Structures are given as structure tokens and as C-alpha cells.
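To keep things clear, I will list the structure first and then write my remarks on it.
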Amino acid sequence: MEFVTDLDTSGPPDSILPTTPKIITEGLNVFYGDNQALISVNLNINENEVTALIGPSGCGKSTYLRCLNRMNDDIEICRVDGRILLDGEDIYGRQLDPVQLRARVGMVFQKPNPFPKSIFDNVAYGPKIHGLVRHKADLEEIVMNSLERAGLANEVRDRLHEPGTSLSGGQQQRLCIARAIAVQPEVILMDEPCSALDPIATAKIEELIDELRQNYTIIIVTHSMQQAARVSQRTAFFHLGEIVEIGETAQIFTNPRDERTQGYITGRFG
Amino acid sequence: MSNDHIVKSYDEELGRLNDLLARMGGIAEKQLADAVQAVFKRDVELAANTVASDQQIDALEHQIDAFVVQLLALRQPIADDLREVIAALKIASHLERVGDYAANIAKRVPALCQLPVVKSVHVIPRMGGLAQSMISSVLDAYADRDAHKAIEVRNADEQVDEMYTSVFRELLTYMMEDPRDITACTHLLFAAKNIERIGDHATNIAEYVYFLVHGTALTDERPKGDTSPSLVSSPAPSGPIPDAP
Amino acid sequence: MNNDQPAISIADTVAKGLRRRRAAEIRLRIYGIAAISFVLMALVVLLGSIVSKGISAFQQTHIAVLVNFDREKIDPAGSGKIEDLRRGDYDGIARNSMRAAFPGVSGRRNRRALGKMISSGAGDQLREMVMANPNLIGTRQRVWLLASDEIDMLNKGYARRKPDGSATKVSRRQVAWYDALVVKGAVERHLNWRFLTGGDSREPEQAGVWAAVVGSALTMIITLMLAFPLGVAAAIYLQEFAPKNRWTDIIEVNINNLAAVPSIVFGLLGLTVILGFFGLPRSTPLVGGIVLALMTLPTVIIASRAALMSVPPSIREAARGLGASSSQVVFHHVLPLAMPGIMTGTIIGMARALGETAPLLMIGMVAFIVDVPSKFEDAATVLPVQIYLWADSPERGFVEKTAAATMILLVFLLAMNAAAILLRKKFERKW
Chain V
0 MEFVTDLDTS
10 GPPDSILPTT
20 PKIITEGLNV
30 FYGDNQALIS
40 VNLNINENEV
50 TALIGPSGCG
60 KSTYLRCLNR
70 MNDDIEICRV
80 DGRILLDGED
90 IYGRQLDPVQ
100 LRARVGMVFQ
110 KPNPFPKSIF
120 DNVAYGPKIH
130 GLVRHKADLE
140 EIVMNSLERA
150 GLANEVRDRL
160 HEPGTSLSGG
170 QQQRLCIARA
180 IAVQPEVILM
190 DEPCSALDPI
200 ATAKIEELID
210 ELRQNYTIII
220 VTHSMQQAAR
230 VSQRTAFFHL
240 GEIVEIGETA
250 QIFTNPRDER
260 TQGYITGRFG
Chain A
0 MSNDHIVKSY
10 DEELGRLNDL
20 LARMGGIAEK
30 QLADAVQAVF
40 KRDVELAANT
50 VASDQQIDAL
60 EHQIDAFVVQ
70 LLALRQPIAD
80 DLREVIAALK
90 IASHLERVGD
100 YAANIAKRVP
110 ALCQLPVVKS
120 VHVIPRMGGL
130 AQSMISSVLD
140 AYADRDAHKA
150 IEVRNADEQV
160 DEMYTSVFRE
170 LLTYMMEDPR
180 DITACTHLLF
190 AAKNIERIGD
200 HATNIAEYVY
210 FLVHGTALTD
220 ERPKGDTSPS
230 LVSSPAPSGP
240 IPDAP
Chain E
0 MNNDQPAISI
10 ADTVAKGLRR
20 RRAAEIRLRI
30 YGIAAISFVL
40 MALVVLLGSI
50 VSKGISAFQQ
60 THIAVLVNFD
70 REKIDPAGSG
80 KIEDLRRGDY
90 DGIARNSMRA
100 AFPGVSGRRN
110 RRALGKMISS
120 GAGDQLREMV
130 MANPNLIGTR
140 QRVWLLASDE
150 IDMLNKGYAR
160 RKPDGSATKV
170 SRRQVAWYDA
180 LVVKGAVERH
190 LNWRFLTGGD
200 SREPEQAGVW
210 AAVVGSALTM
220 IITLMLAFPL
230 GVAAAIYLQE
240 FAPKNRWTDI
250 IEVNINNLAA
260 VPSIVFGLLG
270 LTVILGFFGL
280 PRSTPLVGGI
290 VLALMTLPTV
300 IIASRAALMS
310 VPPSIREAAR
320 GLGASSSQVV
330 FHHVLPLAMP
340 GIMTGTIIGM
350 ARALGETAPL
360 LMIGMVAFIV
370 DVPSKFEDAA
380 TVLPVQIYLW
390 ADSPERGFVE
400 KTAAATMILL
410 VFLLAMNAAA
420 ILLRKKFERK
430 W
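Residue numbers (numbering that gives the first Met the number 0), protein chains in the order written: chain V, 0 to 269; chain A, 0 to 244; chain E, 0 to 430.
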């Protein structure tokens, strides 16, 4: 995280915070046909931080996540207005192609979904389609590097040409993470990445998220309060399409400011 | 806390924690009252009962500790639930200390009874009454989740401290006047000190009640009325200190 | 539950109904097994009747005679040129050989009856021998000549012998000669190569199925080459790219309707549009293939769409999330995963097309074709049409040919399915 040094000491203390956020969301409204899924959402995501999105089912947190790499584009009845700026560039702008955006904003899904190809091909796929490598050796290096960073290298080193689907659930999910980081994105979106995993596999993924934070900006949707508390630095609570509260994770989980947040995280939703 | 938890047994368990703490508070409050009475009335039997009831408080504290551990492990409380459980744990340990001090006071009664009555014994019920009302108020504040009342309790500690300073001064004077009363006065001084400590614990409890309600600690400096540490035994001699030979 | 009555435990209530439920289950299983047994029996009867009728067609009766390859008859000019050899009177040689075998026979009627015992193709048989080996000229050889259809039937026991010594379609004298030949050991059944390698003929003993097999193969190649790419392309567009609106709904409904259109209608379409409007040559595998492709197309589209639809959306999402474009998602992931299903659908469609007769009748593939086709524009017939033609012929000899052709059609079908299964296995092994 870069801090501005040599501050003008007369300035307000807020300006000591990191420079501009990685992602700025301004007045985001999303409609599915006649239903409004998100209502004027404003949310800033800081670089190299894990931001957790929590909230009851249907609150719009996944919808928001899918706006960040324009996965909603493929739903015909979905309409988006408002602005989402990635490094100051409007991701819904004309100049930015969704394909280009998705190379910068990777995604890991709820259910581990490796391609029915070999482990190697799974990881190599992204760099291949984006033309990131010229030589086979470079590709191998990227693949091994990504597997290494996903903490999977030692487990699969000798079986790179076995199908990705032959791995266990947790390994598959780490393979999916390796696949996402092979493209060298700036932001990784995770949509309930551990909901299908056992506690050990979950812990491994959480540890991985913590390590990846140093190089990536991570946004994670989760239904597990404990997980949000464990992995994130900031937490946003969505309810009925609105952001009710956003704050430091420690604050949200010890002393939420909003009744609804409190009710949700303590299990008192009426 | 407008509505209940979806899991009803969670609510029941939190309710049980509150009940345990209320019972403990009640016993501690009565213990303090009895101890003060025993000193004032020179009632050895009451004093013995008071000392004995300390075991009850200890047992309750253990029970609360175990229960809190269980709640933390099984329910993983967060936000206000977490604060509630943590506050209960801390308040219980403070109440246990209150009980200890009360027992400590009561333990001096048999000794005091063998000594002649000192005039200054009336300070004990006065101080004790104040401390008792603090305990009682803070328990009410806890039961009602009333931060305002908790702040009042915290501020009342100043009076106890001031009263302790004056008792300290008074007992010092008696001891200087009549060295035969030194034993009794020392006992009373310790009793007074214990009551002052009970006031401190009540203050701490008040602070936890505030934390419980608002989620933040009370940060501003607490008024302190206890100036006894800086007191000297007698007014300084008017004359110049004699030079060493 | 009413407290006044003794409470019957739920377990008891359940236990009471248990027997009834078990019995129902067993009954259901029995029904299922019965249904399968019935189907299997029908299949066995069908196959059994076809095989028992058709198996004899793979052998043909031959008569051994001493043939005098008379130079006078073969090459009266004595030029020795191949073209002249081809024009020799081989039919006469064959007839003479028969007469030589029965020297006592006299009178034109008897001689003609004697000549009728060998096939009209016996002369061709001798011609081919000479063409292959001109040194035979002037020699005498014992040759197995193809017997006529009537003798073949008599030999295979299909022609019933009558009390007066004659048999169905065979006169008394012919039966006597035949019996004499049998005694001499001059009647044998040989493997019927002509049936497996030759074209159609008016004479059952000379009829072959190969022209129809090749015609079917050529037609299927055209059908596959048209229906598979068109069908898959249409399915991919409809399933993956087309917007969901009223127009695509209408198209979808129409494709489904098209699959149910009677095949004769496609034949009419072929007749009026492909032959009439575009003027393509009639009776050819090219036109037959186009017509059958049109007929197969809806089946391929529907099956392909179902296969595409069954690819889990999570795979699409994974690929899109990595930044794959829509076409990359389809061609890198969805299509390979759907391929086995698409191929199954295509094979089902092709199998239906292979057995189709009606639309081909409309475009003239019912013509009598003797030559084996070698190009897509050659006049040809196909197996089911050949079967239909033979089944319609009055000669007794065509009955076994019909059944044998049916067997060949089934083998063709099995070969196609086996090829599809092998291909599918190969596709699946890729990942």
C-alpha cells in the first residue's frame, strides 16, 4: 500500500489514507427487467485490500460483484446505470471491451469449475487466449508460477496432465484461483468461493486470499460472517439492493452502526 | 436488540447469562450491606455468614466463566452479542472482587468486637451505603442497558474517594489522639479502603455497561477524589525543622 | 391423534402398508421385464426371420460342365485382338457345353430346356475367363457355370417337387437332368461373389447388392456433409448467440415441426426444387443426399441444441470470467463438451436417412441401375430402395435376395453406429 509521505501537517487527518481507491462506484443502479436489484450504490474499493460483501440472499451483493467484470452483460434483461471506475476509467465506457476488462478483473466462482481439460491447460488457457506468451517455455513458467502462488504447485507438480476435474474440491477451487491469476489481473472477484468446501480446504483458501492481498485487490462475496471477519479488511453490508453500511471489518463485527447490519450479522433478521 | 435471534436457544442462553450475573450482583450487594452492618452492629454471627456467602459468589463466577467459554465456542457471538458476553465475563470477575472485599470487611468484625468501640465507626455505614448504592445502580444500569445511568455511577465514585480521603484523615487523627485505638482504627481503615476499592469495581462495571451499550470504551479521564496517597500524617510542624546536631 | 383411542404407533401403520407397497414395486419391475422381454423377442423373431430367409442368398448353385473353348466360336477371324475376343459367342459355348454333358438329348425344345438350366449370365462368366486368360482358347476346361434361378431354387429346396416328377417352374425333364447332375457330383453351391460385388439384374441369380451399397454410401456422404455442418452451425447460433425474441421462438417451433414432416414431402421438395428448379441430375446420390440432408437437418439441430444446452453453465462462466470472447467460449469449451451428444443426434438422424425410401422414390432413385456408381452424379439406387424393388419382383429367387439385402442394410447401420461410437470415444479421451 502506498502512503503519501511528507504530508502537509495542517491537512485533515483523513488525507493520510491511501491514494485514490482502486474501484470507485458512483450511483450504480441495476435493473433486471422491472426489478431493481441495486439502488444507487456508492462504494469504494481500496487497492491491495480484501473487501467482503455480505448480506442476505437476493440483497444484490452478487449482482454488484458481477457488475465489476460485466458478467451481467450476458443477461439480456439486465440494465446498468451509474458509473464504476477502475483506476479512473469507466468500465461501462465505450472504449473498454468486456473481454479486455475481464483480463484485468478475474473471477472465481461459487462452485469450483475447472475446465474438463488437464491441470496445465486449465491454467494455460487464459494466457493463451489473451496472447500473453510467445513461447512454450514462457507458458510453462506462467503456469507453474500461478500454481505456486495458488499454493497448489507441490500437490500437482507430477500430475499436470491429469484432468483438472480429478482434483479434490478444495484443490479444484485453488486451481480456479491459479487459472484466474495466470492472466495477471489487478482485481480478483470471488463469489462465495468456499461455500462448497470443507473447513480445511476453506482455511487453505482463506490463507491464500490473505497472501494474494499483497498483489491483488480482492472482493469476496460470502455468506459466512466468520469468513468475512477472518479474511477481509473492509466489509460492506448489502440489504434490499442498497449498501447499508461499509466500514473496517473489525468495526462492523464488534460495533456495527446500523440496526440492520447488527441484526443480520448476529442472526436476528426478522 | 429490537427483535430476537432467529435461533431461540441462543436468546435463552444469553438470558441465562444475564440471570446468573443478576444473581451474582444481588449476592454481592447483600454481602456488602451485611458486612457494613456487622461492623457497625458488632454482629459476629452476621459477619460469619457474610464470609461464608463469598463461596456462593465464587461458585457463580466459575459458572459464568464456564458458560461464557461455552457460548464463545458454540455460538461465536459477534457485534452486540459479543460485547454482551465479554461484558458479562468482566463484570462477573469485578463482582467477585466486590464479594472478596465484602468478606474481607466482615473478617475484621471478630477482632473489632474484642476492642473498645471507637467513635469513628460511624464512617463505615456512611461509606458503605454510598458504595452499596453504586453497586445497586450499576446493576440496574446493566439490567436496563442504561449507559446514562452507568456514567452517573462512574461519576459517583468521586464521592466515595473523597469520603475515603476524609475517613483516612479522621482515623489518622484518632490514632494520634489515642494510641490505644490504633488497632481498631487500623481495622476500620482497611475496611474503608476495601469499600473504596468496591467503589472502583463498581466504576469498572459501569464502564463495561457503557461498552456493552455503545460498543466503545469510555475514554475521558475519570474524576478522582482519592487524594489520600499524597496525605502526610500530620500538619507539618510550624517551626523550622531542627538542624541535625 | 385422538387420546381416547389406543394410540397406534406410526411404525405399525407404516408396517401395515409395507407389504402392499413392496408388492406394487415388484409388480412394476415385472411389467418392465415383461416389456423388455417382448421387445427382445420381437427383435429376435425379426432378425431370425430375416437371417433364415436371407442367409442362403450368399451362396449360389453352380453346375460343373466340360467347356470347349472353341477358337472358331470365340475368334472366328483369328485376329487374337482383345476387342474381337470380347465379341465371341460365349452363350453358344455355354449351351454347347450343356449339350455335351447330355449327349442323348435331341429336339429343339429339349435342347432349349437344357440350356435354360444354366443362367443367361453363364456366357458372360466364360467371357470373363477368356479375357483374364486368352490362353484358354482352344482348350477344354471343367468349369462351374452359374445355374439358372429355377435350378438354384430347386437346389436350395425352395422349389417344391410335384408327384408327377416336375417341380415349381422346373419341368420333369429338367428335374431328371438335375438329378443326374447331382449324382455325378456336378452341382455345388459356391459363395455368391456376384451378389456382394455386382449390380442389379433382372435375373435373381445374377443380381448384386453392391451398387446399392455404394449408392447408399455416396448418398450418406452427401447427407452428412450437408446436415452436420449446417445443423451444428444452426444449433450453435440458435442456442448460443441468437437473442431470445419472438422471431427465434417462431424459428424454433418451425424446426420442431419440420422434424415431424412426413419424409415424402421432402421428396416432393426435391422433385420440384432441386430437380425442377436447379436442374440437378435425377436419380443421383447428389440429389438424394441433399433431400435426405434436408430431412435430417431438424433432427441434427434439435439434438445439437439439446447437447449444447446440457453443457453446464459453470463452464461458460469460467471461460467468460477469464476473458474468453463468446465464440471462444463456444468453440473452446461448449462445442467440444457437446460433441458426443451432437454426434449421437447426428447418427440417429443419419440412421433414419439411411433407411428412408419414400423421398428417394420421388427423385427417381428407384430406377433400375445395373452399374456400380462411382461418382456423386452417377445414377444410383440405395439399399432400402433396392430392397423395395426386389420385394416387388415376382421371381422366387428375389425373396432370399430381399432378405439378404436387409441383412446388409443392418450391417451398414451397425458399421455406422460403431464408427460413431469410436469417434465419440476418441473425442472424450481428449480430456
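Virtual Cβ for every residue (Gly too), placed ideally from N, Cα, C. All of these numbers come straight from a predicted model, not from anything done at the bench.
- Taking a C-beta distance under 8 Å as the contact criterion, Met116 of chain E and Gln59 of chain E do not qualify as a contact pair.
- Here DSSP, grouped into helix, strand and coil, assigns Ser39 of chain V to strand.
- Under DSSP, Ala235 of chain V forms a beta bridge with V:Leu52 and V:Ile245.
- Counting only runs of 3 or more residues that sit fully inside the segment 160–217 of chain E, the beta strand (DSSP E) segments are 186–190, in chain order.
- Interface flag for Arg319 of chain E against chain V is set, since a Cβ pair is found closer than 8 Å.
- With respect to the 8 Å criterion, Phe375 of chain E and Ile221 of chain E are classified as neighbours on the basis of their beta carbons.
- For Ile38 of chain V, the CB contacts under 7 Å within the same chain, skipping 5 residues up- and downstream, are Asn28, Gly240 and Glu241 in chain order.
- In this structure, Leu296 of chain E lies away from Leu217 of chain E, with their beta-carbon atoms at least 8 Å apart.
- Secondary-structure assignment with DSSP links Trp143 of chain E through a beta bridge to E:Ala63.
- A check of alpha carbon separations from Arg395 of chain E across E:Arg159, E:Met130, E:Lys424 and E:Ile32 identifies E:Arg159 as the nearest.
- In its chain, beyond the 5 residues on either side, no residue has a beta carbon closer than 8 Å to the beta carbon of Asp143 of chain A.
- Here the segment 114–129 of chain A makes contact with the segment 173–180 of chain A; the two share three or more CB pairs at distances below 8 Å.
- Counted as a single uninterrupted DSSP element, the alpha helix (DSSP H) harbouring Gly25 of chain A occupies residues Lys7 to Lys40.
- At the C-beta level, Ala121 of chain E and Ala93 of chain E come within 8 Å of one another.
- With respect to chain E, the C-beta atom of Ala149 of chain V has no partner C-beta closer than 8 Å.
- Here Tyr215 of chain V is buried, its C-beta having at least 16 other C-beta atoms within 10 Å.
- Contacts between Gly214 of chain A and chain V, judged by CB atoms closer than 7 Å, involve Thr253 and Asn254 in chain order.
- Glu75 of chain V belongs to the set of residues whose beta carbon lies under 8 Å from a beta carbon in chain E.
- Along the segment 225–245 of chain E, the positions whose C-beta sits under 8 Å from a C-beta of chain V are Pro242 and Lys243, read in chain order.
- The residue among E:Phe426, E:Trp176, E:Gln385 and E:Arg70 with its C-alpha nearest the C-alpha of Asp88 of chain E is E:Arg70.
- The contact set of Asn68 of chain V on chain E, defined by CB atoms closer than 8 Å, consists of Gly320 in chain order.
- Contact of Val6 of chain A with chain V by beta-carbon distance below 8 Å involves Gly266.
- Gln58 of chain E is bridged by DSSP to E:Leu190.
- Taken in chain order, the unbroken stretches of beta strand (DSSP E) that lie wholly in the segment 87–169 of chain V and span 3 residues or more are 104–107.
- A:Ile104 is the residue among A:Ala149, A:Ile104, A:Phe66 and A:Val212 whose C-alpha sits nearest the C-alpha of Ala34 of chain A.
- Listed along the chain, the chain V residues whose CB falls inside 7 Å of the CB of Ser324 of chain E are Val98.
- Burial is judged here by how many other beta carbons sit within 10 angstroms of a residue's own beta carbon; Ala21 of chain A has fewer than 16 and is exposed.
- When C-alpha distances from Val50 of chain A are compared across A:Lys40, A:Phe39, A:Leu70 and A:Ile26, the shortest belongs to A:Ile26.
- Residues of the same chain with a CB within less than 8 Å of the CB of Leu73 of chain A, apart from the 5 flanking positions on each side, do not exist.
- Between the alpha carbons of Ala10 of chain E and Glu24 of chain E lies a distance of about 20 Å.
- Chain-ordered, the chain V residues with CB closer than 9 Å to the CB of Ala78 of chain A read Ile251, Phe252, Thr253, Asn254, Pro255, Thr260, Gln261, Ile264 and Thr265.
- For Ile314 of chain E, the chain V residues whose Cβ falls inside 7 Å of its Cβ are Asn112 and Phe114, in order along the chain.
- Sequence-distant partners of Asp80 of chain V (beyond 5 residues in either direction) whose C-beta falls short of 7 Å from its own C-beta, in its chain, are Asn28.
- Judged by DSSP secondary structure, Phe30 of chain V falls outside any alpha helix (DSSP H) and instead within the beta strand (DSSP E) spanning Ile22 to Tyr31.
- In the DSSP assignment, Arg78 of chain V forms a beta bridge with V:Phe30.
- Going by beta carbons, Tyr124 of chain V and Arg178 of chain V fall inside the 8 Å limit.
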